[in-house]
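Contents: one structure, followed by commentary.
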Amino acid sequence: VQLQAFGGGLAQPGGSLRLSCAVSGMRLSGNGINWYRQAPGKEREFFGVITMESRTRYLDSVKGRFTFSRDDAKNTVYLQMNSLKPEDTGVYYCKVTYQLKDYWGQGTLVTVSS
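Using the numbering used here, the letters of the sequence shown map in sequence onto residues 51 to 164.
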């Protein structure tokens, strides 16, 4: 099982980015994807999940600005990030728990700065 997160980059405050988490080695359908991020000098934090039924849950700090979606046919989950703030800067990771084991993507760097 491998996860690859990509789509990070530099955005201005108020701007948008779309991240993707591509899953291989397993079928995405029937599994949820958790998202984490790690700001510079801080611990990695969970900020949301999209379940196998496409229900979503978000940390308050991103609620209303971030949106998860999934395309099981492409084995890919997406994170649309709008109204970005400098405090959204960090490395973004996706994770799946499959057969009782956690698999992490390699992370993609998001920098929000003017």
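Cβ coordinates follow ideal geometry from the N, Cα and C atoms, glycine included.
For the pair the segment 54-67 and the segment 143-159, tell me if three or more CB-CB distances fall below 8 Å.
The segment 54-67 and the segment 143-159 touch, with no fewer than 3 CB-CB distances between them shorter than 8 Å.
Expressed to the nearest angstrom, what Euclidean distance is found between the alpha-carbon atoms of residue 140 and residue 89?
In this structure, the CA atom of residue 140 is about 4 Å from the CA atom of residue 89.
Just checking residue 82 against the ligand SAM - is the residue's beta carbon closer than 7 Å to any of the ligand's heavy atoms?
The model on display carries no ligand, and the ligand SAM is accordingly not part of it.
Alpha carbon to alpha carbon, how far is residue 144 from residue 154? Give it in angstroms, no decimals.
So the two alpha carbons sit approximately 6 Å from each other.
Mapping DSSP to helix, strand and coil, what is residue 122?
The three-state secondary structure of residue 122, taken from DSSP, is helix.
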